[in-house]
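Before any comments, here is the structure.
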Amino acid sequence: MAWWKFWDDDSHSLKQRPDYYEEGVQLARQDRLHDALTSFRLALKERSDDVASMEQMAVIQTRMGLPDEAAKMYERALEHRPGSASAHYGLAFVQLNRGEIASAVEHLERFLDADKPGGTEVEQRVDHARATLDQLRGGDAEGEA
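At position 49 of the sequence shown the residue is numbered 193 (the working numbering), and the sequence of numbers has no breaks.
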């Protein structure tokens, strides 16, 4: 990890601080989820309002089967950026998996109303959110909204 290289550098100089966020992204891509969480925690230690790090942590926590921690992190991200499309989307599906249908519907709606960047991945998420909302509103899911 970059923090180790940072401290183990033979020159012992403080030339450049590591980018913990980018390190976390790279570690997550390598499925080194625990290491990635550590990097994102370090990023948050440097900048406690870093919503991108919070969202990445929540995604990893979800992948690790830690839905309660993921929900808390998404909620924390939304405290700092209430209009975060990514946080609304992620929190909606965490809540849906926990059976919190009404809250999930609310976050799906807020995701669809939020400003989002363009791109194929975003379009797929929009389609997925709409299909999920249609299914929930049609009563196909347990615990109708």
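Just so it is clear, CB atoms sit at the ideal spot from N, CA and C, and this is done for glycine as well. A quick note: this is a predicted structure, and the numbers were derived from the prediction, not measured.
| field | Supposed close pair Q239, A273 - CB separation, criterion 8 Å | value | Counting from one through the sequence shown, the residue named residue 239 turns up at place 95. Counting from one through the sequence shown, the residue named residue 273 turns up at place 129. Their Cβ separation, rounded to whole angstroms, is 13 Å, which puts Q239 and A273 out of contact at 8 Å.
| Y164 beta carbon less than 8 Å from that of A196 | Here residue 196 corresponds to residue number 52 of the sequence shown, with the count starting at 1. Here residue 164 corresponds to residue number 20 of the sequence shown, with the count starting at 1. Taking 8 Å as the cut-off, the beta carbon of A196 is found no closer than this to the beta carbon of Y164.
| field | Closest Cα partner of H232 within the set V249, L171, R242, E213 | value | As a working mapping, residue 232 is identified with position 88 in the sequence shown. Measuring from the Cα of H232, the nearest candidate turns out to be V249.
| task | Tell whether a beta-carbon distance below 8 Å holds between R207 and L177. | result | Looking up residue 207 in the sequence shown gives position 63. Looking up residue 177 in the sequence shown gives position 33. Yes; because the gap between Cβ atoms is below 8 Å, this pair is in contact.
| field | Proximity to D257 [Cα-Cα], best of A246, V270, G263 | value | For the purposes of this step, residue 257 is identified with residue 113 of the sequence shown, where counting begins at 1. With respect to the C-alpha of D257, the residue from A246, V270, G263 having the closest C-alpha is V270.
| Are the beta-carbon atoms belonging to G168 and S183 less than 8 Å from one another? | Here residue 168 refers to the residue found at position 24 when the sequence shown is read from its first residue. Here residue 183 refers to the residue found at position 39 when the sequence shown is read from its first residue. Yes. Within cutoff.
| query | Contact check, E199 vs G234 under 8 Å by CB: the rounded distance? | reply | Residue numbering aside, residue 199 sits at position 55 when the sequence shown is read from its first letter. Residue numbering aside, residue 234 sits at position 90 when the sequence shown is read from its first letter. The pair is a contact, with the Cβ atoms about 7 Å apart (cut-off 8 Å).
| field | Cα-Cα separation between R185 and L280, rounded to whole angstroms | value | If you number the sequence shown from 1, residue 185 lands on position 41. If you number the sequence shown from 1, residue 280 lands on position 136. Looking at the two C-alpha atoms, the distance is approximately 35 Å.
| message | Comparing C-alpha positions only, which one of F237, R173, P162, V203 sits nearest to A275? | response | In the sequence shown, residue 275 corresponds to position 131, counting from 1. Ranked by Cα distance from A275, the options F237, R173, P162, V203 are led by F237.
| Expressed to the nearest angstrom, what Euclidean distance is found between the alpha-carbon atoms of R173 and I245? | As a first step, residue 173 must be located in the sequence shown, where it is residue number 29. As a first step, residue 245 must be located in the sequence shown, where it is residue number 101. Per the coordinates, the alpha-carbon of R173 lies some 31 Å from the alpha-carbon of I245.
| Residue environment, Q268, which counts as buried when at least 16 other CB atoms sit within 10 Å | Residue numbering aside, residue 268 sits at position 124 when the sequence shown is read from its first letter. Q268 comes out exposed.
| field | Limits of the unbroken alpha helix (DSSP H) element including E190 | value | Along the sequence shown, read from residue 1 onward, the residue named residue 190 stands at position 46. That run of the alpha helix (DSSP H) goes 177-190.
| request: Mind checking which residues open and close the alpha helix (DSSP H) that includes Q174? | output: Here residue 174 is taken as the residue at index 30 of the sequence shown, counted from 1. Note, Q174: premise wrong, no alpha helix (DSSP H); not H, not E.
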